[in-house]
Each structure stands twice: as C-alpha cells, then as structure tokens.
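Quick note: the sequence shown uses my numbering, first residue 539, plus one each step.
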Amino acid sequence: MFDFLTVTWNVDPILLQIGPVSIRYYSLLFIAGFPLGYYLFMKFYKREGVSTELLDPLLYLLLLGTVVGARLGHCLFYEPGYYLSHPVEIFKVWKGGLASHGGAIGVILCVIIYAHKYGKKHGFDTMWVFDRIAIVVSFAGCCIRLGNLFNSEIFGGATTLPWGFKFPKSYEWITTYGPDVFPPEGVACHPTQLYEALSYLILGLVLLWIYNHKSDKIYRGWLFGVFLMVLFGMRFLIEFIKNDQVSFESGMTLNMGQLLSVPFILAGLTILILSYKYKKPAVLEPKPVQRPVSNKKK
C-alpha cells in the first residue's frame, strides 16, 4: 500500500487566542465569501448598468439569510428533537452547527425579497440576481469547506488511496474510530472537504468564464440552473463516502444531506428547461445614454 502522500492533519483550528476571544480559521473563511461576493457583484453591476448603491442592502440580506438559514437548517434538519427542547441553544451559533442546505434556503428567500424591492425600479428580476449569486456562492462554498478542513470535521470514511488524511484531533474521528486508533495505527480518511472545495471552485470558475465570455449564448436562469444541478449533484455523490453527521443517519440508504440535495437538483433541471423555453437574455440590455439637449440657437 502506498501512503507516501497521506497527510496527518493536526492543525489547531484556532488561529489566534486573545484572552477569552478566539479567532478560528473557519470563521475567517466563512466571512471571506462576503467581501469576495461584494467585489464580484460590483463588477456585475457596473458591466450591466445597475446602480452600485444597491450592493449594501444585498450584502446585508445575504449575510442575514446565510447565517440564520444555515443555523436553522442544522437545528431543524439534523437535531430537531434537541433544539426544539432547548430553543435557547439555537442562538448559540458559536458552539457550531451550520447546514449548507439551510443556508441555501435562506439565501434564496433573501434574494426574492431583494429583487421584489429593488428589481422593478432598476430593471432586473429575481432570476437575474440568482444567476450572479450562483457564481458568488460557488466560491463562498469553497471557502466554507476549507474552513471545515481546518476544523477537522465533515470528512469521509477510511481509504487506502495515497492522498488520505488523518484527523487525530477530531471529535468526529474519536467517535467513529475510537480514542485508541491514533496513535499508533492511524486511519487515513477521504478528505471530502477538499473534494467539495475543489468541485465548487471549478464550478465557480467555469460559471464566471461563461458569464464573461458566453453571456450572449445562454439565457437567463441558465447559470443558476447549472449551479444547482452541479453543486448539489456533487454534494449528493460525495455524501456516499462521508461519515454520518448524526446518529439517525446510520443505516439510511440516502443520508439527510442527500435527501435535501434532491429537491435542489430537480429545481435546477426545471430552471434550466424554463430558461430555454422563455429565452430571456442573460444580461441586461444596455441603457441608452441620454445626452443633454443644447439650448444654443443657431
């Protein structure tokens, strides 16, 4: 067996400790998606003639939707019994527990609210925003999965592949394999955080390239439809080699992450079909430049 590339991931998840306050890699990577998204939307809005003054309300809504949606998603999808019995614990986000499917639902609802409030006046609709959100969320999802790597969490089952990772500090490791497995023997696992991070990064780069170079070849909704199908399709497939996140998933043919991914995949397919049916331009029509009328008499 070749294990020369096996990585022992023994990184402390805390980057900096200042008294009782700790700064974690995960927190920084989670937050990193927002300035990146702001920068990309600045480019989108300037290219298509939308006022950049609309960026701040979009950022605030996305931040709210992501955090609240991800937290409620974890509490209600994965541990409803505990959190419904201890509702105060829902607010203790610092203890961990965020679900990407819940975050996706939160973002979708906030985009609908944003487009309803600002879209008609400024010439765009909900699907136009979704197409651009798809690019941003792909990169943000990559950052979050790298954060999971620094937390030594959400990794896969044992593997003999040469790029397996060992996670000796992980509580998930201890509960799955027992406290005595490492050291000395050690078990290398699939670094599913990296699998997902890489797939989301590639998806984001491809969507951004298509937006920049092939917008005239696609229709509105195409980017979002492809995003939903690919991102949640990859999530569905990678879940097959992940460890169970909660005890009730043991013995399930499809785990909770896969069951929650199916509606998003079907929604993506539906949106893709509708984009070809309605053939609405992917980008906004440039607004005509109004030149001032001269009052000079000839």
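Heads up, the beta-carbon is just placed ideally off N, CA and C, and yes, glycines get one too.
In three-state terms, what does DSSP make of residue i?
| i | result |
| --- | --- |
| Gly702 | coil |
| Pro551 | coil |
| Val897 | Missing from the structure shown is residue 897; the chain here goes from 539 to 836 and no further. |
| Thr697 | coil |
| Leu636 | coil |
| Val891 | Nothing about residue 891 can be reported from this structure: the residues present for the chain run from 539 to 836 only. |
Taking the continuous alpha helix (DSSP H) assigned at residue i, which residues delimit it?
| i | result |
| --- | --- |
| Ser737 | Thr730 to His751 |
| Ser708 | Ser708 -> no alpha helix (DSSP H), and no H or E assigned at all. |
| Cys613 | No alpha helix (DSSP H) contains Cys613, which DSSP labels as neither H nor E. |
| Ile671 | Thr664 to Phe688 |
Could you tell me the alpha carbon to alpha carbon distance between residue i and residue j, rounded to whole angstroms?
| i | j | result |
| --- | --- | --- |
| Thr546 | Pro573 | 32 Å |
| Val784 | Glu617 | 8 Å |
| Leu838 | Ser623 | This structure leaves residue 838 out entirely; the chain is present only between 539 and 836. |
| Phe778 | Gly771 | 12 Å |
| Trp760 | Leu610 | 29 Å |
| Ala653 | Leu599 | 11 Å |
| Leu636 | Ser799 | 16 Å |
| Trp747 | Leu578 | 13 Å |
| Leu745 | Phe762 | 9 Å |
| Ala672 | Phe615 | 23 Å |
| Trp632 | Leu566 | 13 Å |
| Val667 | Val649 | 7 Å |
| Lys780 | Gly795 | 10 Å |
| Lys581 | Ser638 | 26 Å |
| Asp594 | Leu601 | 11 Å |
| Thr544 | Lys707 | 16 Å |
| Gly587 | Gln555 | 44 Å |
| Glu823 | Tyr757 | 13 Å |
Does the beta carbon of residue i come closer than 8 Å to any beta carbon on chain D?
| i | result |
| --- | --- |
| Tyr598 | Absent from the structure is chain D; it holds one protein chain and no more. |
Q) What are the complete beta strand (DSSP E) segments, minimum 3 residues, inside the region 555 to 603? A) If only complete runs of 3 or more residues are kept, the region 555 to 603 shows the beta strand (DSSP E) at 559 to 562, in order along the chain.
**Q.** the region 802 to 809 / the region 763 to 770 touching (three or more Cβ pairs under 8 Å)
**A.** For the pair of segments examined, the region 802 to 809 was found to touch the region 763 to 770: the number of CB pairs separated by less than 8 Å reaches three.
Q: Please confirm if the region 660 to 672 is in contact with the region 693 to 707, defined as three or more CB-CB distances below 8 Å between the two stretches.
A: no
Q | Cβ contact (3+ pairs, closer than 8 Å) linking the region 789 to 802 and the region 698 to 707 | A | No, they do not touch.
Q: Kindly confirm or deny that the region 679 to 687 and the region 547 to 566 touch, where touching means at least three C-beta pairs closer than 8 Å.
A: yes
Q: Within the region 746 to 823, note down every full alpha helix (DSSP H) run reaching 4 residues or more, in order along the chain.
A: 760 to 776 and 794 to 816
**Q.** the region 812 to 822 in contact with the region 725 to 736 per 3-pair CB rule at 8 Å
**A.** No, the region 812 to 822 is not in contact with the region 725 to 736.
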